[in-house]
Amino acid sequence: MSRVAVIKGERGLEPVYRALELINYREALEPYDTVLIKPNLITSHTYETGITTDPIVIEAVITKVQGLGKRAVVVETDGGITSPDSAIHETGMMEVIERLGSEYVNMRKLRDKVELVVDNPRKVKKFKVARLATESAIITVPSMKTLHHTGITMGFKNMFGMLTTRKKYLMHRHGMNNVIYDICKTLPPTMS
496 MSRVAVIKGE RGLEPVYRAL ELINYREALE PYDTVLIKPN LITSHTYETG
546 ITTDPIVIEA VITKVQGLGK RAVVVETDGG ITSPDSAIHE TGMMEVIERL
596 GSEYVNMRKL RDKVELVVDN PRKVKKFKVA RLATESAIIT VPSMKTLHHT
646 GITMGFKNMF GMLTTRKKYL MHRHGMNNVI YDICKTLPPT MS
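Count along the sequence shown starting at 1, add 495, and that's the number in my numbering.
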């Protein structure tokens, strides 16, 4: 059963903590030792623009994941307008990661990749991801925004960022709704 929490509050840790409690994050993450936390991090614009995830949200998620004794890894892949390796610093997210003793990984740079085959695909027959993504829980932590070809994007479009190819921009020609469907059907996020 899917659970959705909508919390109103000031910017801070507490609203995120409340949302995680309401969707029973403990139960969702229980089977996993490693939890990948996937923000929107395709540009060095800070969270105020709405393009990237607010570092305070990432801080709250890391804190709760670590509180369960899990390894929390913030992940992104190349493919946006800015290298995530630069954006992680410029957005202030790396400061949070280091302060909490967490990790950051650009999954495109991991050598161990697997090719996932999509069962009954709409458009994407197969795609590559880091093996780590198939062995871990994935929490997609997007910023809420819209795109002309998908409407509202949220957590599903953010999963597009799990693909490790530099040429993922070419998939846009297939219609992003179809591409996102194939990705999320084959590599669904544990939580969003």
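We put the CB at the ideal spot given by N, CA and C, even for glycine.
Limits of the alpha helix (DSSP H) - the one that residue i falls within
| i | result |
| --- | --- |
| V511 | 508–517 |
| E554 | 550–562 |
| T681 | 671–681 |
| I576 | Neither: I576 is in no alpha helix (DSSP H) and is coded neither H nor E. |
| Y520 | 520–524 |
| A628 | 626–629 |
| E505 | Element bounds for E505: n/a, residue is neither H nor E. |
Inter-residue Cα distance where the pair is residue i and residue j
| i | j | result |
| --- | --- | --- |
| V552 | Q561 | 14 Å |
| P616 | S638 | 27 Å |
| V570 | G545 | 19 Å |
| I583 | V568 | 13 Å |
| V636 | T547 | 10 Å |
| K623 | V613 | 11 Å |
| A628 | P683 | 10 Å |
| M666 | D677 | 11 Å |
| R513 | M671 | 32 Å |
Best match in the options for proximity to residue i [C-alpha to C-alpha]
| i | options | result |
| --- | --- | --- |
| A519 | T572, I592, C679, L563 | The question names Ala, but residue 519 is Asn in the sequence shown. Here the closest residue by C-alpha is L563. |
| E598 | H540, I532, E585 | I532 |
| E522 | G504, R506, P510, S497 | S497 |
| V609 | P510, E525, T681, Y512 | T681 |
| L691 | E543, M671, I634 | In the structure as shown, the chain starts at 496 and stops at 687, and residue 691 therefore has no counterpart that could be examined. |
Proximal residues to residue i (C-beta, below 6 Å), its chain only, five neighbours per side dropped
| i | result |
| --- | --- |
| T572 | M602, R603, G656, T659 |
| K529 | With the sequence shown as reference, residue 529 is identified as Thr, and Lys is not the correct amino acid for it. Excluding sequence neighbours, T529 sits near R566, S631. |
| P579 | L536, E571, N601 |
| H669 | K618 |
Proximal residues to residue i (C-beta, below 7 Å), its chain only, five neighbours per side dropped
| i | result |
| --- | --- |
| R606 | none |
| E593 | none |
| K538 | One point to set straight first is that residue 538 is Thr, not Lys, in the sequence displayed. Correct list, in chain order: I546, T547, G575, I576, T577, A582. |
Residue burial classification, residue i (beta-carbon count within 10 angstroms, cutoff 16)
| i | result |
| --- | --- |
| K652 | buried |
| K559 | buried |
| I502 | exposed |
| E554 | buried |
| P526 | exposed |
Run of the beta strand (DSSP E) containing residue i, from where it starts to where it stops
| i | result |
| --- | --- |
| I546 | Run containing I546: none; DSSP gives neither H nor E here. |
| V600 | 598–601 |
| V591 | Note, V591: premise wrong, no beta strand (DSSP E); alpha helix (DSSP H) at 588–594. |
Residues of its chain near residue i, where Cβ-Cβ distance is below 8 Å and the 5 sequence neighbours each way are ignored
| i | result |
| --- | --- |
| L517 | R498, A500, I502 |
| H540 | I546, T547, T586 |
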